[in-house]
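Numbering (this note's numbering), first residue to last: 1323 to 1543.
Beta carbons are placed, not taken as given, at the ideal position from N, Cα and C, and that holds for glycine.
Nothing here was measured: the structure is a model prediction, and the numbers come from that model.
I have placed the structure first, in the form of structure tokens, so that the comments after it can refer back to it.
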Amino acid sequence: MVSAITSTTDTTTSTSSATTSGLSADYDMFIQLLVAQLQYQDPLDPTDATEFTNQLVQYSNLEQQIATNDKLDEVLSSLDTFGLSSGVGYMGHTVEAQGDTISVQDDGTVDADWVYYLDSSAKSVALSVTDEDGNVVWEGSGTTESGRNTFTWDGTDSDGNQVDGGAYTLTVTATDSSGDAVDSTTYVSGKVTGITSSDGTTILELGDMGITLDAVARLAS
């Protein structure tokens, strides 16, 4: 998640910088042409005053556009700093955000836990964890209380073997005493280990995964 968001914001920043660079090149070329025109014009037949005025207006507009882009870069930089500041208070705290996928590091560290909310009490809750290819690596049962339920996975498959690093998704299937489905909503929950910010978007890092600040649904100590 972090890489995808960072890639988008990096593209925005590089586009702004490239635009400013292109305008600066146009600005330099414009000045060179204007100076050459004045230097080599015929004294007996000088450039028309109206045309020369229009050229000066174009020069002024180009100069203002370059200045505007420079200010925009400053604003983006300030937003990044503000984003980091607004996320500092989350460091070391556990945050919760809606989602069903967590990451496992190559050394077997699981970056987050799962939380699922049941609309009503259930008779049975079946949990299954699948890898990025959709293969089921672990199956088991979960708690059945109405409301908030937690599931902490140790990163091993049903045979107790450590799974490979990557993204893993939880599926919750709950039924009541009549066999009818009970609606559920899945969240991820983990401790904030770092903060990144770009183009005004603050991302809270949970190990190798991350969530945007505005996606936080619950904060705990």
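For residue i, three-class secondary structure by DSSP
| i | result |
| --- | --- |
| Ala1537 | helix |
| Tyr1354 | Checking the sequence, you will find Gln at residue 1354 rather than Tyr. In this structure, Gln1354 counts as helix in the three-state DSSP scheme. |
| Gln1427 | coil |
| Asn1376 | helix |
| Val1458 | strand |
Cut-off 8 Å between Cβ atoms - residues of its own chain near residue i, not counting five sequence neighbours on either side
| i | result |
| --- | --- |
| Glu1527 | Val1324, Val1514, Thr1515, Gly1516, Ile1517, Thr1518 |
| Glu1461 | Ala1448, Leu1449, Ser1450, Val1451, Ser1480 |
| Gly1488 | Ser1425, Val1426, Asp1453, Glu1454 |
| Asp1435 | Ile1424, Thr1472, Phe1473, Thr1474, Trp1475, Val1510, Ser1511, Gly1512 |
| Ser1543 | His1415, Thr1416 |
| Ala1503 | Thr1495, Ala1496, Thr1497 |
Which residues DSSP lists as bridging residue i, in chain order
| i | result |
| --- | --- |
| Tyr1412 | Its beta-bridge partners do not exist; DSSP assigns none. |
| Ala1489 | Ser1425 |
| Asn1471 | Tyr1438 |
| Gln1420 | Tyr1509 |
| Ser1520 | Thr1523 |
| Ala1448 | Ser1463, Thr1495 |
| Val1504 | Ala1496 |
Beta-carbon contacts of residue i that lie in its chain and below 7 Å, excluding the five residues immediately before and after
| i | result |
| --- | --- |
| Gly1405 | Per-residue confidence for Gly1405 stands at a pLDDT of 48, beneath the threshold of 50, marking its modelled position as unreliable; no derived number is given. |
| Asp1530 | Ser1425, Gln1427, Asp1433 |
| Arg1470 | Val1437, Tyr1439 |
| Asp1484 | In the sequence as presented, Asp is not what sits at residue 1484; that position holds Gln. Same-chain partners within the cutoff: Gly1430, Gly1477, Thr1478. |
| Thr1465 | Val1447, Asn1471 |
Buried/exposed call for residue i, threshold 16 Cβ in 10 Å
| i | result |
| --- | --- |
| Leu1267 | Given that the chain is displayed from residue 1323 to residue 1543, the structure contains no residue 1267 and the question cannot be resolved. |
| Asp1505 | exposed |
| Val1458 | exposed |
| Val1494 | buried |
| Val1410 | exposed |
| Asp1486 | exposed |
| Asn1376 | exposed |
Integer-rounded CB distance, given that residue j should sit under 8 Å from residue i
| i | j | result |
| --- | --- | --- |
| Leu1440 | Ser1468 | 5 Å |
| Tyr1438 | Phe1473 | 7 Å |
| Asp1428 | Gly1512 | Asp1428 to Gly1512, Cβ: 17 Å. No contact. |
| Ala1444 | Ala1537 | Not quite, the Cβ-Cβ distance comes to about 27 Å (not below 8 Å), so this is no contact. |
| Gly1430 | Gly1477 | 5 Å |
Contacts around residue i, its chain only, beta-carbon distance under 6 Å, and the 5 residues preceding and following it disregarded
| i | result |
| --- | --- |
| Ser1446 | Thr1497 |
| Asp1422 | Thr1491, Leu1492, Thr1508 |
| Gly1414 | none |
| Thr1330 | Low confidence applies here, because Thr1330 scores a pLDDT of 30, under 50, leaving its location unreliable; read the following figure in that light. Closer than 6 Å at the Cβ level, and outside the excluded window around Thr1330, lies no residue. |
| Ser1400 | Caution applies to Ser1400, whose pLDDT of 49 falls short of 50 and renders its modelled position unreliable; the value that the coordinates give is listed next. Hits under 6 Å: none found. |
| Ser1500 | none |
| Tyr1412 | Val1514, Leu1526 |
| Ser1442 | Ser1468, Val1504 |
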